[in-house]
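**Student:**
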Amino acid sequence: MQIYEMLIDGAWVPAAGGQTFETENPYLGAAWALVPRAGADDVDRAVTAAHRAFRGPAWRGLNPTARGHLLRRLADLIAADADRLAAIETQDNGKLITEMRAQLRYIPQWFHYFGGLADKIEGRVIPIDKPGMVNFTREEPLGVVAAITPWNSPLMLATWKLAPALAAGNTVVWKPSEFSSVSALEFGKLFEKAGFPPGVVNILTGFGAEIGEALVTHPRVAKVAFTGGDRTGADVYSLAARGIKPVTLELGGKSANIVFKDASLDNAVRGAVAGIFAATGQTCIAGSRALVHRPIHDEFVGKLVALGRAARMGDPALDTTQVGPITTRPQRAKVLDYIEIAKTEGATCVLGGGPASRPECGNGWFVEPTVFTGVKPNMRIAQEEVFGPVLSVIAFEDEEEALEIANDTQFGLAAGVWTQNIGTAFQMSEKLEAGTVWVNSYRATSYLSPFGGYKRSGIGRESGLTAIREYLQEKSVWFDTVGEVANPFVQR
Ligand code: TXE
Numbered sequence: 010m011q012i013y014e015m016l017i018d019g020a021w022v023p024a025a026g027g028q029t030f031e032t033e034n035p036y037l038g039a040a041w042a043l044v045p046r047a048g049a050d051d052v053d054r055a056v057t058a059a060h061r062a063f064r065g066p067a068w069r070g071l072n073p074t075a076r077g078h079l080l081r082r083l084a085d086l087i088a089a090d091a092d093r094l095a096a097i098e099t100q101d102n103g104k105l106i107t108e109m110r111a112q113l114r115y116i117p118q119w120f121h122y123f124g125g126l127a128d129k130i131e132g133r134v135i136p137i138d139k140p141g142m143v144n145f146t147r148e149e150p151l152g153v154v155a156a157i158t159p160w161n162s163p164l165m166l167a168t169w170k171l172a173p174a175l176a177a178g179n180t181v182v183w184k185p186s187e188f189s190s191v192s193a194l195e196f197g198k199l200f201e202k203a204g205f206p207p208g209v210v211n212i213l214t215g216f217g218a219e220i221g222e223a224l225v226t227h228p229r230v231a232k233v234a235f236t237g238g239d240r241t242g243a244d245v246y247s248l249a250a251r252g253i254k255p256v257t258l259e260l261g262g263k264s265a266n267i268v269f270k271d272a273s274l275d276n277a278v279r280g281a282v283a284g285i286f287a288a289t290g291q292t293c294i295a296g297s298r299a300l301v302h303r304p305i306h307d308e309f310v311g312k313l314v315a316l317g318r319a320a321r322m323g324d325p326a327l328d329t330t331q332v333g334p335i336t337t338r339p340q341r342a343k344v345l346d347y348i349e350i351a352k353t354e355g356a357t358c359v360l361g362g363g364p365a366s367r368p369e370c371g372n373g374w375f376v377e378p379t380v381f382t383g384v385k386p387n388m389r390i391a392q393e394e395v396f397g398p399v400l401s402v403i404a405f406e407d408e409e410e411a412l413e414i415a416n417d418t419q420f421g422l423a424a425g426v427w428t429q430n431i432g433t434a435f436q437m438s439e440k441l442e443a444g445t446v447w448v449n450s451y452r453a454t455s456y457l458s459p460f461g462g463y464k465r466s467g468i469g470r471e472s473g474l475t476a477i478r479e480y481l482q483e484k485s486v487w488f489d490t491v492g493e494v495a496n497p498f499v500q501r
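Numbering (our numbering), first residue to last: 10 to 501.
1. So, with DSSP's three-state summary, where would you put residue 485?
2. Based on the DSSP output, what are the partners of residue 393 in its beta bridges?
3. Can you tell me the Cα-Cα spacing of residue 271 and residue 82, whole angstroms?
4. Can you list, in chain order, the residues of its chain whose CB lies under 7 Å from that of residue 195, leaving out five sequence neighbours each side?
5. Does the stretch 444-453 touch the stretch 264-281, meaning 3 or more C-beta pairs lie closer than 8 Å?
6. Suppose you measure from the CA of residue 442 to the CA of residue 421; what does that come to, to the nearest Å?
7. Touch check for the stretch 113-127 and the stretch 334-347: three-plus C-beta pairs under 8 Å?
8. Determine the burial state of residue 333: buried for a count of at least 16 other Cβ atoms within 10 Å of its Cβ, exposed for fewer.
9. Given 7 Å as the limit, tell me if residue 216 has its C-beta closer than that to any heavy atom belonging to ligand 1.
10. Check for me: the alpha helix (DSSP H) holding residue 121 runs from which residue to which?
11. Which residues share a DSSP beta bridge with residue 39?
12. With a CB to CB cut of under 8 Å and the five nearest residues on each side skipped, what residues in its chain are close to residue 347?
13. For the alpha helix (DSSP H) that residue 251 lies in, which residues bound it at each end?
14. Sorted by chain position, which residues of the same chain lie with C-beta nearer than 6 Å to residue 102's C-beta, five sequence neighbours on each side aside?
15. Terminal residues of the continuous beta strand (DSSP E) containing residue 426?
16. Can you tell me whether residue 340 sits near ligand 1, meaning its C-beta is under 7 Å from at least one heavy atom of the ligand?
17. Just verifying my parser: in three-state terms, what is the DSSP assignment at residue 405?
18. What is the DSSP secondary structure of residue 447, reduced to helix, strand or coil?
19. Just verifying my parser: in three-state terms, what is the DSSP assignment at residue 358?
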């Protein structure tokens, strides 16, 4: 059993109360490391350190070019360590090594991009209407950012927050999910190695239910950046509201993959599989509803089931595996519950429909890739996020109905449109209520492109130029150049 410590104020420390918890390998179904279980005292230690670092000369006094240089040095260190970090992610959260390796090799781009942006954060000179006055703006960091991240793509989703937050000059207290803490702690060592001053990045491991509230409501936390479930997100939002703190929230979805009869069917089927069976369906952008034009419905389902049935399940550490285990025990129970709910609601299970007991799945927490047809748009299986390899297929008659069904959910994270008709593609991309729309593609993201949700899928944007603004505040500065204070009883 490996024993880890967490990062507070540049030092590796146990929890103040000495408590730890076990982290499990989802493929083996067994514990493999011990991680500090932070309490309220640790939250205060970490936030105080981050606040001190925010005000201190080592970080505040660093010019933005040098700050950017630190981020880019970190990017190089991540690139050099990518495969090792990927292996740790796979061991800790059970996601495919092939996907984790690709993610880890791509993550440095965020630090390069936002590192490059650090010295391009500029204010404006306002052509002010008051005689004798000069008015300009400054873009300033917010202070201590609490970054709360989930277990599904642990380092990637943390990077989406840390890179812009640090580029903008904030300091960070990062709380990774209790189900994927180890990769965060290993990642933390690279901040030290890159030369970030102590306290600029702190990593607190522990349970959201135990320390989440103390972290979000800590008076010295200026902003909360959260990715996770919509219910926890709503709690975090209301806790942050008590302190009038800005938030960015990325809360998952019920994204529609819409297939028109003129689409390249083979591509669309592969897109549907990428949307729901890749990453075992545990992605915020999972295309968990396939809306299929009635004339091609049966052919589409036939091809989809064939491809889903052929997916190789098993050890996520093998390059040949295509579907790995579910990351957490409670999540597996939730996915199996939803499969039962769908059956009770009257949907027809045409693939999978329960736990996987293939020999190559060992003691892992597996669920068979599952497809339901005959799903009605108002069923729970078509409305609620499952976060597992469970696809609801819904037939539609025409563009209008496809749009109505696609938009008829409380979420709005992403959507896919499969058609050869450019007019249809354009109309759909305009009218879909989703933060991302892919045409004849699915599941592409980039450090260059804004990502975030409409409706209950969240608030704010990550990645791209927009993201840096989530971590800045604008100050308006006025100078009088005349040297005479006019009538003090009348507003100037
Ligand atoms: O997430 P939580 P869980 C969805 C998915 C999944 C469901 C539950 O549907 O089935 O959420 O997963 C921290 N104050 N997504 O329970 O609880 C927690 O420690 C502050 C979608 O794992 O949202 C972790 O670090 N923080 C999603 C983080 O919140 C709290 C990714 C996320 O955990 C807290 C993951 C509290 N009171 C799950 N309680 C996506 N958008 O991609 C918990 N946390």
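All C-beta atoms, glycine included, are put in the ideal place defined by N, C-alpha and C.
**Tutor:** Once the coordinates are examined:
1. Strand, per DSSP.
2. DSSP, once it has assigned bridges, lists no residue as partnering residue 393.
3. 48 Å
4. Here the set comprises 94 and 97.
5. yes
6. 6 Å
7. no
8. Result: buried.
9. yes
10. 117-126
11. 34
12. 389, 390, 393, 395, 397 and 399
13. 239-251
14. Cβ neighbours of residue 102 beyond the five flanking positions: 160, 189 and 336.
15. First-last of the beta strand (DSSP E) with residue 426: 423-427.
16. Yes - ligand 1 has a heavy atom lying nearer than 7 Å to the Cβ of residue 340.
17. strand
18. strand
19. strand
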